[in-house]
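Student: So the protein sequences, as listed, match chains A and B.
Per the numbering used here, the first sequence runs over residues 1 to 272.
Per the numbering used here, the second sequence runs over residues 273 to 487.
Idealized CB from N, CA, C, for every residue including glycine.
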Amino acid sequence: MSERLIPAWSLTTEAQATIGIPAEWPERVTKGWAIGGATGEGVDVCILDSGVDGDHPLVGGLTSAVAVSLEGEEVSIGQDEIGDVCGHGTACAGIVRSLAPACRLHSVRVLGAGNTGSADLILGGLRYAIEQRYDVVNLSLSTTKRKFAELLHELADSAYFRGTVLVASAHNMPVESYPWRFSSVISVGSHEGTDSWEWYANPNPPVEFFARGIDIDVAWAGGNTLRCTGNSFAAPHIAGLSALVLSKHPGLTPFQLKSVLYLTASNTGGTT
Amino acid sequence: MTEGSSYQEAVAAGMLPSEESHRALLQSIVDVARAIFGARASSIFLLDRETDELVFEAVSGEGEDDLIGMRIPSSTGIAGWVLVTGQPIVIDDLQQDPRFARQAAERTGYVPEGLMAVPLANGETMLGVLQVLDRSKDRAFSLGEIDLLILFANQAAIGLDLLQTARRARAVAEQGEGSEAVVARIAALLGRAEDEVAGVRLLEALETVLTRLAP
Chain A
1 MSERLIPAWS
11 LTTEAQATIG
21 IPAEWPERVT
31 KGWAIGGATG
41 EGVDVCILDS
51 GVDGDHPLVG
61 GLTSAVAVSL
71 EGEEVSIGQD
81 EIGDVCGHGT
91 ACAGIVRSLA
101 PACRLHSVRV
111 LGAGNTGSAD
121 LILGGLRYAI
131 EQRYDVVNLS
141 LSTTKRKFAE
151 LLHELADSAY
161 FRGTVLVASA
171 HNMPVESYPW
181 RFSSVISVGS
191 HEGTDSWEWY
201 ANPNPPVEFF
211 ARGIDIDVAW
221 AGGNTLRCTG
231 NSFAAPHIAG
241 LSALVLSKHP
251 GLTPFQLKSV
261 LYLTASNTGG
271 TT
Chain B
273 MTEGSSYQEA
283 VAAGMLPSEE
293 SHRALLQSIV
303 DVARAIFGAR
313 ASSIFLLDRE
323 TDELVFEAVS
333 GEGEDDLIGM
343 RIPSSTGIAG
353 WVLVTGQPIV
363 IDDLQQDPRF
373 ARQAAERTGY
383 VPEGLMAVPL
393 ANGETMLGVL
403 QVLDRSKDRA
413 FSLGEIDLLI
423 LFANQAAIGL
433 DLLQTARRAR
443 AVAEQGEGSE
453 AVVARIAALL
463 GRAEDEVAGV
473 RLLEALETVL
483 TRLAP
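#1: Which bits of chain A does residue 393 of chain B rub up against, with CB to CB less than 8 Å?
#2: Any Cβ of chain B within less than 9 Å of the Cβ of residue 88 of chain A?
#3: Using DSSP's beta-bridge definition, name the partner residues of residue 424 of chain B.
#4: By DSSP, does residue 178 of chain A sit in helix, in strand, or in coil?
#5: Excluding the 5 residues preceding and the 5 following residue 343 of chain B in the sequence, name in chain order all residues of the same chain whose CB lies nearer than 6 Å to its CB.
#6: Let me see if you follow: with CB-CB separation under 9 Å, is residue 352 of chain B close to chain A or not?
#7: So, is the C-beta of residue 384 of chain B closer than 9 Å to a C-beta in chain A?
#8: Closer than 9 Å, Cβ to Cβ, to anything on chain A: give me those residues from the region 362-384 of chain B, in chain order.
#9: Pairing CB atoms from the region 469-476 of chain B with CB atoms from the region 355-366 of chain B, are three or more of them under 8 Å?
#10: Can you list the residues of chain A that residue 425 of chain B reaches, using a CB-CB cut of under 8 Å?
#11: Since residue 136 of chain A and residue 239 of chain A should fall inside the 8 Å C-beta cutoff, what is the C-beta to C-beta distance between them, to a whole number of angstroms?
#12: Which residues in chain A sit within 9 Å of residue 483 of chain B, going by Cβ to Cβ distance?
#13: Taking Cβ-Cβ distances shorter than 7 Å, what residues in chain A pair up with residue 356 of chain B?
#14: Check whether the Cβ of residue 192 of chain A lies closer than 9 Å to any Cβ atom in chain B.
#15: Comparing the C-beta of residue 58 of chain A with each C-beta of chain B, is any distance below 9 Å?
#16: Do you know how far the Cα of residue 412 of chain B is from the Cα of residue 432 of chain B?
#17: Any C-beta of chain D within less than 8 Å: which residues of the region 309-325 of chain B qualify?
#18: Whole angstroms is fine: what's the gap from residue 15 of chain A's alpha carbon to residue 9 of chain A's?
#19: Quick one, which residues of the region 392-416 of chain B are near chain A if we go by CB-CB under 7 Å, in chain order?
#20: Is the region 207-218 of chain A touching the region 430-449 of chain B in the sense that three or more CB pairs, one from each, lie closer than 8 Å?
#21: Mind reading off the beta-carbon distance from residue 283 of chain B to residue 459 of chain B? Whole number of angstroms is fine, and I expect it under 8 Å.
#22: Tell me whether the beta-carbon of residue 219 of chain A lies closer than 9 Å to the beta-carbon of residue 182 of chain A.
#23: Would residue 93 of chain A and residue 369 of chain B be called neighbours here (beta carbons separated by less than 9 Å)?
#24: When you compare the CB of residue 264 of chain A with every CB in chain B, is at least one pair closer than 9 Å?
#25: My guess is that residue 360 of chain B and residue 418 of chain B are in contact by the Cβ rule of under 8 Å, so how many angstroms apart are they, rounded?
#26: Exposed or buried, residue 140 of chain A, counting other C-beta atoms within 10 Å across all chains shown (16 or more means buried)?
#27: Which partner residues of residue 200 of chain A appear in the DSSP bridge assignment?
#28: Across which residues does DSSP place residue 394 of chain B in a beta bridge pair?
#29: Does the beta-carbon of residue 79 of chain A have 16 or more other beta-carbons within 10 angstroms, so that it is buried, or is it exposed?
#30: If we count Cβ pairs, one from each stretch, closer than 8 Å, do we get three or more for the region 98-106 of chain A versus the region 37-47 of chain A?
#31: Give the residues of chain A in contact with residue 418 of chain B, contact being defined as C-beta atoms less than 8 Å apart.
#32: Let's test the definition: count the other Cβ atoms within 10 Å of the Cβ of residue 199 of chain A and tell me whether it reaches 16, buried, or not, exposed.
#33: Take every Cβ of the region 109-123 of chain A, pair it with every Cβ of the region 60-69 of chain A, and state whether three or more of those distances are shorter than 8 Å.
#34: Can you pull the DSSP bridge partners for residue 46 of chain A?
#35: Specify whether the region 146-166 of chain A and the region 253-269 of chain A touch according to this definition: at least 3 beta carbon pairs, one from each stretch, less than 8 Å apart.
#36: Can you list, in chain order, the residues of its chain with a C-beta nearer than 8 Å to that of residue 245 of chain A? Leave out the 5 residues immediately preceding and following it.
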């Protein structure tokens, strides 16, 4: 296919024959079709958080780990020499690993340099993760700062079009925060169940899915496990499930992946 | 802002409730939060933007007597994570986290088993963090507990916002050199005077003069 025939802004009649998209969709999308036998192999999942303790047995190793810092007003990316400054990133990584054992995990640490400039670090880290073309980026965080909303929105849209799935934990507080509110990301809240393989589609967005978020025994920095609750632990469940879907069906766009998650949710009949 | 309104604000600053009144509000919030959750302690951290640290502003229960004013980094540890990411979190078995246990023991001599932490925000500004330590295990944990915690967080955020606004206003009144500061100081003095009748008469005379001078 010649480059000039690939439609970008319009579709000519001649070009119609050139954009056949291989889509082997079954008559009915089931959980079995979506993730049955999948391991996450070949899928790159990024944890944008407090860093990750890659040596933790429940994390099972990291493929890469970088830290985002501010030098003056410039965002700088370097090897992460510190690891997890809180424990939370390790928890998220462990959840993804528990669902998608063969995925490649990457850590982008955006915490630890103080509250001032923290939104710049989140933005810089997300930009880096999208540039790396990771398949899935877990964002168990948000910012309330409106001046960053527009930039975050642009980044979320560019991720969507480039094929990087952003999974963001929703805020369960009455504050405006981002990026989970954007339709180009997959936003996740908590259900009250204890089954990590159960998720629900929400007919009343902006929260789009509910996944396991309470009383989870998670990996924590220092090789320990803690019992945790919060939407920030629901998001990595959907990130892990996304890795499974993408490992079994490589090349799905974020739009298609979201449709698969919708069609296989517990409340849409996706129990098999 | 018109000059008239800035004088009115100065008068308001001079008549603000005391630091103690605002502290009492925060204290009441942590006391009630502690009671409702049957917890061993509850505390409110205020973000000090100048030093980029979290400061204990109100404590109920364990550490009540000596934690006020103590500072911790603003973006490490669990409270820091909650502040920076804006996400509420509940953690049990904290004693398993040796780093947390060490830091908690150094600060308070008391290592909680579990904590609930929620960010305090006013609009897009993060003000601090509310924590509830060692809630009662008598009732099963549910998402309703987080909803309840968030209700308290809204109250605490309003309390923190009032405290910060009052501190800024008082700083202007006490240290400012402009004419608004003079007005604020007069209002404050009048509020504290044992016999304010004489002062009020003098001001009424001033009002009469100014009314004639005003266009």
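Tutor: The relevant details are as follows:
#1: As a first step, residue 393 of chain B must be located in the second sequence, where it is residue number 121. Within 8 Å Cβ-Cβ: 144, 173 and 175.
#2: Residue 88 of chain A sits at position 88 when you count from the first residue of the first sequence. It does; some Cβ of chain B falls within 9 Å.
#3: Looking up residue 424 of chain B in the second sequence gives position 152. According to DSSP, residue 424 of chain B bridges with nothing at all.
#4: One-based indexing of the first sequence puts residue 178 of chain A at position 178. The answer is strand: DSSP assigns residue 178 of chain A an E or B state.
#5: On the second sequence, position 71 is the one that residue 343 of chain B refers to. Closer than 6 Å at Cβ, skipping near neighbours: 325 and 327.
#6: Walking along the second sequence from the start, residue 352 of chain B turns up at place 80. Yes - at least one Cβ of chain A is within 9 Å of the one on residue 352 of chain B.
#7: Within the second sequence, residue 384 of chain B is the residue found at index 112, counting from 1. So, not an interface residue.
#8: 362, 363, 364, 365, 366, 368, 369, 370, 371 and 372
#9: no
#10: In the second sequence, the residue the question calls residue 425 of chain B occupies position 153. By Cβ distance, chain A contributes 173.
#11: For the purposes of this step, residue 136 of chain A is taken as residue 136 along the first sequence, with counting starting at 1. For the purposes of this step, residue 239 of chain A is taken as residue 239 along the first sequence, with counting starting at 1. With a Cβ gap of about 5 Å, residue 136 of chain A and residue 239 of chain A count as contacting.
#12: Translated into positions along the second sequence, residue 483 of chain B becomes position 211. Here the premise fails: no neighbours, minimum Cβ distance about 44 Å.
#13: As a working note, residue 356 of chain B is residue 84 in the second sequence. Within 7 Å Cβ-Cβ: 111, 115 and 118.
#14: The count along the first sequence starts at 1 and reaches residue 192 of chain A at position 192. By this cut-off, residue 192 of chain A is an interface position.
#15: Translated into the one-based positions of the first sequence, residue 58 of chain A becomes position 58. Output row for residue 58 of chain A: interface = no.
#16: Within the second sequence, numbered from 1, the residue matching residue 432 of chain B stands at position 160. Within the second sequence, numbered from 1, the residue matching residue 412 of chain B stands at position 140. In a straight line, the C-alpha of residue 432 of chain B is about 30 Å away from that of residue 412 of chain B.
#17: Of the protein chains in this structure, namely A and B, none is chain D.
#18: Numbered from 1 along the first sequence, position 15 holds the residue referred to as residue 15 of chain A. Numbered from 1 along the first sequence, position 9 holds the residue referred to as residue 9 of chain A. Their Cα atoms are separated by approximately 12 Å.
#19: 393, 396, 398, 413, 414 and 415
#20: no
#21: As a position in the second sequence, residue 283 of chain B is number 11, starting the count at 1. As a position in the second sequence, residue 459 of chain B is number 187, starting the count at 1. 5 Å between Cβ atoms; contact.
#22: Here residue 219 of chain A refers to the residue found at position 219 of the first sequence. Here residue 182 of chain A refers to the residue found at position 182 of the first sequence. Cβ atoms of residue 219 of chain A and residue 182 of chain A: not closer than 9 Å.
#23: Position 93 of the first sequence holds residue 93 of chain A. Position 97 of the second sequence holds residue 369 of chain B. In this structure, residue 369 of chain B does not lie closer than 9 Å to residue 93 of chain A by Cβ.
#24: Reading the first sequence from its first residue, position 264 is the one you call residue 264 of chain A. No, its Cβ sits nowhere closer than 9 Å to a Cβ of chain B.
#25: Along the second sequence, one-based indexing puts residue 360 of chain B at 88. Along the second sequence, one-based indexing puts residue 418 of chain B at 146. Indeed, because the Cβ distance is near 6 Å, the residues count as touching under 8 Å.
#26: In the first sequence, the residue the question calls residue 140 of chain A occupies position 140. The residue is buried, with at least 16 neighbouring Cβ atoms inside 10 Å.
#27: The residue labelled residue 200 of chain A in the question sits at position 200 within the first sequence. Its beta-bridge partners are A/210.
#28: Reading the second sequence from its first residue, position 122 is the one you call residue 394 of chain B. B/397.
#29: Locating residue 79 of chain A in the first sequence gives position 79, counting from the first residue. Exposed, since its Cβ has fewer than 16 Cβ neighbours within 10 Å.
#30: yes
#31: Start at 1 with the first residue of the second sequence, and residue 418 of chain B comes out as number 146. Residues of chain A passing the Cβ test: 172, 229 and 230.
#32: Translated into positions along the first sequence, residue 199 of chain A becomes position 199. It is buried - the Cβ of residue 199 of chain A has at least 16 other Cβ atoms within 10 Å.
#33: yes
#34: As a working note, residue 46 of chain A is residue 46 in the first sequence. Answer is A/106 and A/137, bridged to residue 46 of chain A.
#35: yes
#36: The sequence position of residue 245 of chain A within the first sequence is 245, counting from 1. Excluding sequence neighbours, residue 245 of chain A sits near 34, 35, 38, 252, 257, 260 and 261.
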